[in-house]
Structures are given as C-alpha cells and as structure tokens.
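Participant: Going by the working numbering, the sequence shown opens with residue 188, and the numbers climb by one from there. We put the CB at the ideal spot given by N, CA and C, even for glycine. Predicted model, so just to flag it, every value in this text is computed and none were measured. Sending over a structure as structure tokens; questions will come in a sec.
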Amino acid sequence: MPSEQETANALPSNFDVAGLKNAFNNPTQAFQMLDKNNDGKVTKEDLEILLTQFGIQGMAAKFMAKLIFKKLDADKSGTIEPSDLVHADGILTSLLKMKKTGQSA
188 MPSEQETANA
198 LPSNFDVAGL
208 KNAFNNPTQA
218 FQMLDKNNDG
228 KVTKEDLEIL
238 LTQFGIQGMA
248 AKFMAKLIFK
258 KLDADKSGTI
268 EPSDLVHADG
278 ILTSLLKMKK
288 TGQSA
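Put into structure tokens, the structure is as follows:
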C-alpha cells in the first residue's frame, strides 16, 4: 500500500476538496450518503465510490479509500460507523497539506 505522502501526491490538482469536506461535515448525513444499500455498513468500496464522485479516479481513489478507511475504522470492524466519520475532515486536510508541502504532516 502506498504511503500517506504517495497518496497525497496522487490527488488531482482539480480535486473538489470543498465539496468532499462539505460531504463529511455532517457525519450522519455522510454515512447515509455512503451507505447506498441501507445495510448500516460502509465499506472501502463505498468510500472509493464517493471519492470517484469527487474527481479522484483510478488507483488514486483505491489508495485513498484504503488509507482513509484504515484511519476511520477505529474499532477495526471492517466497516465504518457514523461516529467514525467525525475524523474524516481532518484526514482530508492532512492529505491536502502533504500534497502542498511535499512532506508528511
């Protein structure tokens, strides 16, 4: 799996960070948006679909979904719960800062 820096570097220059940050602003609403089949679970694949919708394509979406999922899945259950999404904004901000500065946050 790529490092955080490699994942940050893979972010496209035209990435809609404001839109994605707004999507995660309300964890309950973000969870409902991610949980397409209403089974009460959000997986890495669900997260990858969301990232693709915000302009992150291909391997960058896969790498970022894995990294974000790993950081959000606090109880290591293999799924993300609404309470886990509270930290999503900070993770995205950290990755963007890494992309701009070229160094780990």
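Quick check for students: name the residue ranges of the alpha helix (DSSP H) that lie wholly in the segment 216–276, counting only runs of 4 or more.
Facilitator: Taking only runs of at least 4 residues, the alpha helix (DSSP H) segments lying wholly in the segment 216–276 are 231–240, 245–259.
Participant: For the structure I just gave you, are there three or more beta carbon pairs, one from the segment 248–266 and one from the segment 223–238, closer than 8 Å?
Facilitator: A contact exists between the segment 248–266 and the segment 223–238.
Participant: Helix, strand or coil: which one does DSSP assign to residue 213?
Facilitator: DSSP places residue 213 in coil when its eight states are reduced to three.
Participant: So residue 283 packs on residue 198, CB below 8 Å; how close in whole Å?
Facilitator: So it is a contact: roughly 7 Å between Cβ atoms.
Participant: Could you check the C-alpha separation between residue 265 and residue 230 for me, to the nearest Å?
Facilitator: So the two alpha carbons sit approximately 7 Å from each other.
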